[in-house]
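Residue numbers (the numbering used here): 314 to 1248.
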C-alpha cells in the first residue's frame, strides 16, 4: 500500500510529461479526489488485514497482501495516466470502434466459454480473470465518445411531454433497444449485478448527453418493473444463483433454500456492529458468507460500526461529487461524459451493492468499490479515478458554449441526485445497524440441511455466547446429580445405563426422542426459552443475549461468566430418587441376566403424591458412552433393528413405547370400573369347567373363556376373592354385566390405559368385552400406567398424574366419592399375597404388601422379530406384577394409609406373573425400604 501511495504521489506531483504552453487550459482544482480514493482503499485494506476467513474449519491467511498488490498495480497504472502527455479524451473519441469490438468480444467470450462457481449458473469468469470488471470502464469511455459526438443532436431533437424532455422517436427507439439488450445480457452472463450496473451507467450517461429527463425516468421505471417481474416469477430470470438471490431478496429469513441464508447473515453482521462496532479483528464469529466480496460492507460494519460505514460512504460520495465537479467544468463533451460516466459507475456500483446488502435490491455479485477482494476490480477503480484526475489537469473550459452549458447542467443534476442517493444510503445503513437490533439479532434463518430437513439457524454471535454457558444440571428430588456439566459442552451421567433413554444425552449427534428429558427440558437447561410464532420449527429465544454484543471483550467475558455461575437457575429437579433408581437398575439388570429374559421395565411411585421415584428399563444405553451414536449415524442396519426394536435400548419401555398386553393386572381396571358402577358386591358363578379348566361361554360365541389351565372352579366368588385367585371367568362375566360404558367413562375421567385418549373395550355381550374384562382383548398397559392405576387404589381413589419435574403441580382426579369404596380391591390385593396367586412370594421384612399378578398371553409380533420371536409364533407370556406396600405397624385393613409405595414391573416373555415379575417386585420393595421409605 505504501509503495502504491508513493508512486501515485510522485506522479501527481510531476504532472503530464510535457511543457505547459502559455495558452494551455488551466487545471480544475479538486484536491481531495485522489486522497479520497486512497482513503477508500485503506478502508478495504484494514478490513482485509483484520479479518480471518474460515474455510472448512481451517483459518486462512488474511487477504490483505492480495488487496495491497491490486492497489499497487492500480497506482502504477494511475501514475502512468497522470504523466502521459496525451489528450486522453481525444484518444477515446478516435477509438470508438476498437472499444465497441472489445466490449462485444468479451461478452461473446463469456457466452461461449464463461464459467462461474459450481451450481451458480453464472458465466462471469474467463479462466482466472473476471473480464466484466474491464468492460465497465470500457463501456464508460465508449459511451462518452459515442454520446460526445452526438450530444448536440440528442439535445436539439427533443420534445416536451408531460412537462418532461423526451428524445424524438427516431432516437428513443435505439435507446430502448440498447436498454433491452443490456437486460438480455442477463441470459448471456447469468448475473444480475452487471446488468443493473451497465443499465444504470447507460441511462445516466444518456441523461448527461441529452438531458431527456422523461426517457430516463421511464427507463428506470422499466428497469424497476423488470425487477418486480423477476421477484414475482424468479424462474423468468433463469436458474442458479440469480433465482436464489431473487427469492432471498423477497424472503431473506424463511426461504429455506440451501444457499438462501447469505442476505440474512449479512443483516446479522450489520446489526452486530451497532454504532461503534466490535473492533478490527474482534468480530464475535468467523467471517459471514461472502464477507470479503458481496457482503464486505456487512463485515466492515461489524468491525467498525455504523460510524465506520458512514465514514466510508462519505469518502465514496466525495469521490463521486469530485468527479462530477470535474465533469461540470470540463472543456469538451467527451471529457464531461467520461468524468460523469466514471462518477455514475462508482455511484451505481455503490447503490446496487449497498441496496443488495441491506435487502432493498437483489443481492448481486458485483464488488464494493475500493473494498472488495479482487485485484482486477481494485486496479480498475484506482485507474478510473486517476483518469478523472488526469482530465482535471488541463480540463477547465476556456470559453463557454450552449452545448457545454447543457452538459455541465446535466452533470450538476447528476450531482444533486448523487447527494440524495448518498443521504438515503447513509440513512438506510444507519437503520440497518441501529434499528430493531434485538429482533434482528435474535431472529433465526430457516435453512435446509443436506437431507432436506429444515431448521432454524441462529445468529452465530449469540450462539457463541450461549455455548460458553454450562448446561443446567438435572438433579434428583434430594439434589443428587443425574446429569451435570462441569464445563461448557460436556455432560456426565452418574447413573450410567440405569438412566439412559429416559434422560437422553447432550450434546447429541442424533435427534433425541420426545420422551428424553434432555430434550423435554431443553429450554430450562440451556437457560433461555423457545420463541412463539413463525414457522413450526424449534426457535430458541436469544433476545436476552443481544445486549452483550455491545460490550467490549472483557466486559462481555465478565457478563457471560456471571451467567454461567448462575447454574441453579438453569437446573431442574426430578421426582426420581437417584439412589433408588440406581438400585432398581442393578436389580433389573440382574433379572435379565437369565438368557431367556429379554427385557424388564419397572416403575416405583409414591402413592400419596403420584411422584415417580424410579423408572428403569433394561436394556438401556449409557449416556456417557457415545458408541451407540456412531452406529446410528453409520446407519448400521443390523444394530438398528435391535437398538430400535421392541426390547432394544432406544424405546422407552416404561412409557408408551412399552405398551404390553395387561393380563390379569388389567382386572384392577375392571375392578375400578365396577366400584364406580356400584357393582363391587357382585357374586358371579365359576362352576363350569372342561379339561382345560373353569370356563364361561355364551351360545353366540365361537369359543368359551377359560381360567388358567389346571385351575379349579371357584364357586361363586366376590370381587376380592376373584382378585385373589385371578378368576378370568368372574371378570369376564363382570365386564359383560357392566357393559362398555363404565370402562369408557373410567378412561375419559383420566385413568390412562393403552394408546390414545379413547378406550374401546368391546361391544355389549361380546366375547371381546369379556376378554378385556380379565386383561386380554383391548386391555394393554405400560408399567407407568399400571403404577398410576395401582396408586389410585392405594390412596383411596385419587388418580394422580405427575410430570417428572418435582416443582410442577400434579393433576389429580377423584375416582370415587368415598375412599372406603376401594376396600374390596385393597382386600383382594392383600389376599393375592396371603392366599392367592402371589402367596409363594416372600414379602420384605417389616412390610405389608398388596399385589396382583399378571400373565399375559400374546402371540409374537413384528417388533419382536429381531429378538428371535416370529410374528404369530406362540411364545412365553408377559410376566406382570403390581403392588403397593406399607409398614407392618400400620392398621389392617385400611382403605388409605399415608406413605404407601407402588411398584409395577413387567418382564416381557418372562412367564407367569409370580415367576419373574413377582420376585423382582419384592426385591425392589426391599430396596425402597433401604432407601428410607416405608419406615
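For each residue, glycine too, the CB sits at the ideal point set by N, CA and C.
Query - Residue closest to residue 810, alpha-carbon to alpha-carbon, out of 782, 822, 882, 894 - result: 894
Query raised in the report: What did DSSP end up calling residue 843 once you bin it into helix, strand or coil?
Result: strand
Query - Per DSSP, cross-strand counterpart(s) of residue 974 - result: 1093
**Report entry** Classification of residue 1205 by the beta-carbon crowding that lies within 10 angstroms, buried from 16 upward
**Finding:** exposed
Query raised in the report: Do residue 1142 and residue 288 come within 8 Å of each other at the CB atom, strictly closer than that value?
Result: In the structure as shown, the chain begins at 314 and stops at 1248. Residue 288 is therefore absent and cannot be evaluated.
Query raised in the report: Going by beta carbon distance, what residues of the same chain come within less than 6 Å of residue 1097, once the five residues before and after it are set aside?
Result: 916, 967, 968
Report task. Give me the Cβ distance between residue 1169 and residue 1191, rounded to the nearest whole Å; I'm assuming they're in contact under 8 Å. Result -> 4 Å
Report task. Inspect the beta-carbon positions of residue 686 and residue 606 and report whether they are closer than 8 Å. Result -> yes
Requested in this report: Indicate the three-state DSSP secondary structure (helix, strand or coil) for residue 798 in the structure shown.
Outcome: coil
Query raised in the report: So what does DSSP say about residue 691, is it helix, strand or coil?
Result: helix
Requested in this report: Go ahead and pull the three-state DSSP assignment for residue 403.
Outcome: helix
Requested in this report: Measure the C-alpha to C-alpha separation of residue 358 and residue 321 and round it to an integer number of angstroms.
Outcome: 17 Å
Requested in this report: Compute the distance between the beta-carbons of residue 1223 and residue 1188, then report whether it is under 8 Å.
Outcome: no
Query raised in the report: Cα-Cα, which of 381, 553, 549, 580 is closest to residue 564?
Result: 580
**Report entry** Nearest-angstrom beta carbon gap, residue 1048 and residue 1085 [assumed within contact, 8 Å]
**Finding:** 6 Å
Query - Endpoints, beta strand (DSSP E) assigned at residue 344 - result: First-last for residue 344: undefined, no H or E at that position.
Report task. Leaving aside the five residues before and after residue 746 along the sequence, list all residues of the same chain whose C-beta is less than 8 Å from its C-beta, in chain order. Result -> 583, 584, 586, 587, 588, 614, 618, 619, 622
Query raised in the report: CB-CB under 6 Å to residue 513, same chain, minus the five flanking residues each way: which ones, in chain order?
Result: 661
Query raised in the report: Do you know how far the Cα of residue 861 is from the Cα of residue 842?
Result: 18 Å
Query raised in the report: Can you tell me the Cα-Cα spacing of residue 721 and residue 524, whole angstroms?
Result: 10 Å
Requested in this report: Determine the extent of the alpha helix (DSSP H) in which residue 727 is found, giving its start and end residues.
Outcome: 715 to 747
**Report entry** Three-state class that DSSP yields for residue 989 in the structure shown
**Finding:** helix
Report task. Report yes or no: do the segment 564 to 576 and the segment 760 to 767 share at least 3 C-beta pairs separated by less than 8 Å? Result -> yes
Query raised in the report: Expressed to the nearest angstrom, what Euclidean distance is found between the alpha-carbon atoms of residue 890 and residue 1200?
Result: 20 Å
Query raised in the report: Which whole-angstrom value describes the C-beta separation of residue 1104 and residue 978, a residue pair presumed to lie in contact below a C-beta threshold of 8 Å?
Result: That belief does not hold up - the Cβ atoms of residue 1104 and residue 978 are roughly 14 Å apart, past 8 Å.
Report task. Using 10 angstroms around the beta-carbon of residue 909, count the other beta-carbons present and answer buried if the total reaches 16, otherwise exposed. Result -> exposed
Requested in this report: List the whole-angstrom C-beta distance separating residue 705 from residue 639, where the pair is believed to meet the contact cut-off of C-beta under 8 Å.
Outcome: 5 Å
Report task. Report the rounded CA-to-CA distance for residue 630 versus residue 728, giving the unit in angstroms. Result -> 10 Å
Query raised in the report: Are there 16 or more other CB atoms within 10 angstroms of the CB of residue 1261, so buried, or fewer, so exposed?
Result: Examination of residue 1261 is not possible in this model, given that the chain is present from 314 through 1248 alone.
Report task. Can you give me the Cβ contacts of residue 314 inside the same chain, cut-off strictly under 8 Å, excluding the 5 residues immediately before and after it? Result -> 354, 355, 358, 381, 384, 385
Query raised in the report: Pick from 1140, 1116, 1087, 612: whose alpha carbon is nearest that of residue 1045?
Result: 1087
**Report entry** Proximal residues to residue 854 (C-beta, below 8 Å), its chain only, five neighbours per side dropped
**Finding:** 755, 841, 842, 843, 844
Query raised in the report: In or out: residue 327 buried (at least 16 other Cβ within 10 Å) or exposed?
Result: exposed
Query raised in the report: For residue 1163, which residues does DSSP report across the bridge?
Result: 1197
Query - Cα-Cα separation, residue 725 to residue 635 - result: 11 Å
Report task. Can you grab the Cα-Cα spacing for the pair residue 633 / residue 656, in whole Å? Result -> 5 Å
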